Each structure stands twice: as structure tokens, then as C-alpha cells.
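Novice: Read in order, the letters of the sequence shown are residues 1 to 224 in UniProt numbering.
Just passing along the structure, written as C-alpha cells.
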Amino acid sequence: MAFSNFFRGKKSKPSIENYRPVAITRALTSVIITHDGKPFEIARTKNNDAILPAMYSKTSRPCPPFCIQPMEIAPGIVNIGELEFIDYLVQKSDGDDSLAIIDSRTADWVLVATIPGTINVPWISLSREVGVTATKMVSVLTRNFKVKVKNADLIDEYFDADKIEQILDFSNAKTLVLFCNGTWCEQSAIQIKALLHLGYPPEKIIYYRDGMQGWVGLGFPTVP
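Shown next, in the form of C-alpha cells:
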């Protein structure tokens with residue numbers, strides 16, 4: 001979705017007298033990252049009258065399922081804000097292959113808008129509750145996160161015995177930065193807990209709790 005179309009503003013343009021620059025911080029106006037192999041500028045919308053897009057304007061979604069997530073999603077998991085998230089976007093764009101920035105949401109959300117420079121690994125891909133097999137879960141880990149399997153022949157046996165972490169090697173696994181819709185969304189929280197259950201090291205998991213709600217609330221760009 002185009003940046004200008006996603007944010008809604010008043011029909012009248014702000015007057016020159018009322019216009020004020022919109023930087024990221026006092027020392028930072030924008031950063032350039034890579035998205036789909038091309039340079040992409042991360043900057044806040046310059047329209048001082050811009051308001052939240054409709055899909056993030058609600059205050060009281062029904063809970064459950066849209067319940068507020070805790071600051072500490074699990075012991076050892078670091079929670080970050082927008083500035084730290086931008087640092088990770090830059091780090092990834094600069095070629096750090098030990099890092100993956102994950103949109104945990106399902107496709108129906110991602111097709112509307114996501115954060116540039118991220119990849120989609122939906123939470124359901126690691127969910128036994130929705131029928132994902134052990135082999136498919138391990139495939140997600142090895143394909144996306146550089147997890148290695150010590151003995152592929154034992155995957156089903158160890159998974160059924162709740163010992164799958166004993167045949168997975170996380171020594172070179174990527175550091176993951178995960179997000180979903182925001183504080184009222186449990187998709188990345190569920191995915192983080194699933195990763196921990198599979199043995200993923202908590203020190204390699206980072207939680208951007210504010211997610212899309214926090215991102216668009218500060219006027220940052222999205223892509224379809």
C-alpha cells in the first residue's frame with residue numbers, strides 16, 4: 001500500500017505557517033534500507049495533519065482474542081521500541097545475515113501493509129494446534145533461521161515425546177526480531193512461545209511489542 005494512501009489527513013493541506021518538520025529524532029531525519037532489493041527511505045510522513053489509518057484507529061477490539069500483551073512476553077526476551085527496531089532494519093540492510101526481522105502475522109494482515117525490510121513467517125507455521133507437522137516446523141526453522149538438525153530420522157519421535165530441542169542445533173541460529181499488529185495482538189507472542197518450546201535460545205529472540213500500531217502511529221511508511 002502506498003505510503004501516501006495509507007495515512008489519512010485532512011482534505012486541506014497544512015498552511016506553511018503551521019508546517020513543522022517531522023524528523024525521527026533531533027539528530028536523525030531518515031535512514032535508507034533495502035526492500036525487495038532496492039533502496040527504501042524510512043522517514044515519518046511530513047503531513048502534520050495525518051491521522052491513523054482506519055485499520056489501526058480502533059481502541060477497543062474484543063478480547064479475546066485481541067488482548068493486551070505483557071512487556072515481558074517470556075523470561076529473557078528483550079522488548080524494543082521503534083528506534084531500536086530501525087537500527088535492526090539498517091543492520092539487516094547492511095548485510096548482517098545473522099539477523100532476521102519477522103512479521104509474525106497471517107497473510108490477510110500482511111497483504112494490506114507491512115514494514116519494509118521484513119519477511120513474513122506467520123505464527124501458524126510453527127503451531128501444532130493448527131495441524132502443522134513436526135517436519136514442517138523444522139523446515140521453517142532450517143529454511144528461515146539457520147537452525148540445523150542433528151538427526152532428521154528422529155524428528156517425529158522426539159517431537160511426539162516433547163524433546164524436539166534435543167535434535168536441533170541452535171549454535172548458528174539467527175537472532176530474530178518479531179512483531180505483529182501491536183500491544184493488542186498475540187500473533188508474535190504465540191510465535192515466540194512456540195520458538196522457546198522448540199528450544200530456540202531466548203537471547204536470540206527480540207520482541208517489538210508495539211508492532212504495526214506503534215509504527216504507523218509515528219507516521220512511518222508501510223508497503224503492501
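In this text, a Cβ means the ideal position worked out from N, Cα and C, and glycines have one as well.
Since this is a predicted model, take the numbers as computed values, not measurements.
Using DSSP's beta-bridge definition, name the partner residues of Phe159.
Specialist: On the sequence shown, position 159 is the one that residue 159 refers to. BP columns for Phe159 are empty, so no partner.
Novice: In or out: Met137 buried (at least 16 other Cβ within 10 Å) or exposed?
Specialist: As a first step, residue 137 is located in the sequence shown; it is residue number 137 there, counting from the start. Buried is the call here.
Novice: Taking the C-alpha atoms as reference points, what is the distance between Met212 and Thr114?
Specialist: As a first step, residue 212 must be located in the sequence shown, where it is residue number 212. As a first step, residue 114 must be located in the sequence shown, where it is residue number 114. Looking at the two C-alpha atoms, the distance is approximately 7 angstroms.
Novice: Quick check on DSSP: helix, strand or coil for Tyr207?
Specialist: Within the sequence shown, numbered from 1, the residue matching residue 207 stands at position 207. Strand at Tyr207.
Novice: Helix or strand or just coil, what does DSSP make of Ala2?
Specialist: Position 2 of the sequence shown, counted from the start, is the residue given in the question as residue 2. Note that Ala2 has pLDDT 46, beneath the 50 cutoff, so the model's placement of it is unreliable and no number is given.
Novice: Based on the DSSP secondary-structure assignment, which residues constitute the bridge partners of Val78?
Specialist: Start at 1 with the first residue of the sequence shown, and residue 78 comes out as number 78. In the DSSP output, where bridge partners are listed per residue, Val78 has Ile206.
Novice: How is the alpha helix (DSSP H) around Phe220 delimited, first residue to last?
Specialist: As a position in the sequence shown, residue 220 is number 220, starting the count at 1. First-last for Phe220: undefined, no H or E at that position.
Novice: Taking the continuous beta strand (DSSP E) assigned at Lys136, which residues delimit it?
Specialist: Taking the sequence shown and counting its residues from 1, the one referred to as residue 136 is at position 136. Element bounds for Lys136: not the beta strand (DSSP E) but the alpha helix (DSSP H), Ala134 to Phe145.
Novice: Under the three-state reduction of DSSP, which class applies to Pro169: helix, strand or coil?
Specialist: Here residue 169 is taken as the residue at index 169 of the sequence shown, counted from 1. The amino acid at residue 169 is misidentified as Pro; the sequence shows Asp. The answer is strand: DSSP assigns Asp169 an E or B state.
Novice: Is the CB-CB distance between Val177 and Tyr208 below 8 angstroms?
Specialist: Counted from its first residue, the sequence shown places residue 177 at position 177. Counted from its first residue, the sequence shown places residue 208 at position 208. Cβ distance < 8 angstroms, so Val177 and Tyr208 count as in contact.
Novice: On the criterion of 16 or more Cβ atoms from any shown chain inside 10 Å, does Thr25 qualify as buried, or is it exposed?
Specialist: The count along the sequence shown starts at 1 and reaches residue 25 at position 25. Exposed, since its Cβ has fewer than 16 Cβ neighbours within 10 Å.
Novice: If I'm right that Lys174 touches Lys148 with Cβ under 8 angstroms, what's the distance once you round it to whole angstroms?
Specialist: Residue numbering aside, residue 174 sits at position 174 when the sequence shown is read from its first letter. Residue numbering aside, residue 148 sits at position 148 when the sequence shown is read from its first letter. No, Lys174 and Lys148 are not in contact; Cβ-Cβ is about 12 angstroms, not under 8 angstroms.
Novice: Please determine if the stretch 100-115 and the stretch 181-199 are in contact, where contact requires at least 3 C-beta pairs separated by less than 8 angstroms.
Specialist: Touching, per the Cβ criterion.
Novice: So Ala134 packs on Ile167, CB below 8 angstroms; how close in whole Å?
Specialist: Translated into positions along the sequence shown, residue 134 becomes position 134. Translated into positions along the sequence shown, residue 167 becomes position 167. No, Ala134 and Ile167 are not in contact; Cβ-Cβ is about 10 angstroms, not under 8 angstroms.
Novice: Can you name, in chain order, every residue of its own chain whose Cβ lies under 8 angstroms from the Cβ of Met71, other than the five neighbours on each side?
Specialist: Position 71 of the sequence shown holds residue 71. Asn79 and Arg209, listed in sequence order.
Novice: Who pairs with Ile33 in a beta bridge, going by DSSP?
Specialist: To locate residue 33, count along the sequence shown from 1; it is residue 33. DSSP lists Phe40 as partners of Ile33.
Novice: Using DSSP's beta-bridge definition, name the partner residues of Leu176.
Specialist: Your numbering for residue 176 matches position 176 in the sequence shown. According to DSSP, Leu176 bridges with Ala100 and Ile205.
Novice: Which residues bound the alpha helix (DSSP H) around Tyr193?
Specialist: To locate residue 193, count along the sequence shown from 1; it is residue 193. The residue asked about is misnamed: residue 193 is Lys in this sequence, not Tyr. It spans Gln187 to His197 - the alpha helix (DSSP H) in which Lys193 sits, taken as one unbroken run.
Novice: Have a look at Ser127, Gly95, Asn151 and Asp160 and flag the residue whose alpha-carbon is nearest the alpha-carbon of Asp169.
Specialist: Against the sequence shown, residue 169 aligns to sequence position 169. Closest option to Asp169, Cα to Cα, is Asn151.
Novice: Shortest alpha-carbon distance to Ile205 belongs to which of Ser57, Thr142, Phe66 and Leu99?
Specialist: As a working mapping, residue 205 is identified with position 205 in the sequence shown. Of the listed residues, the one whose Cα sits closest to Ile205 is Leu99.
Novice: In three-state DSSP terms, what is Leu28?
Specialist: Residue mapping note: residue 28 aligns to position 28 of the sequence shown, counting from 1. Of the three classes helix, strand and coil, the one that applies to Leu28 here is strand, per DSSP.
Novice: For Asn172, does the count of other Cβ atoms within 10 angstroms reach 16, so buried, or fall short, so exposed?
Specialist: Within the sequence shown, the letter at position 172 stands for residue 172. It is exposed - the Cβ of Asn172 has fewer than 16 other Cβ atoms within 10 Å.
Novice: Leaving out five residues before and five after His35 in sequence, what residues of the same chain have Cβ atoms less than 6 angstroms from its Cβ?
Specialist: Within the sequence shown, numbered from 1, the residue matching residue 35 stands at position 35. Hits under 6 angstroms: Pro116 and Gly117.
Novice: Could you name the residues of the same chain whose beta carbon sits closer than 6 angstroms to that of Phe66, not counting the 5 residues immediately before and after it, in chain order?
Specialist: Stepping through the sequence shown from its first residue, residue 66 is reached at position 66. For Phe66, where only same-chain residues beyond five positions count, the Cβ hits under 6 angstroms are Trp184.
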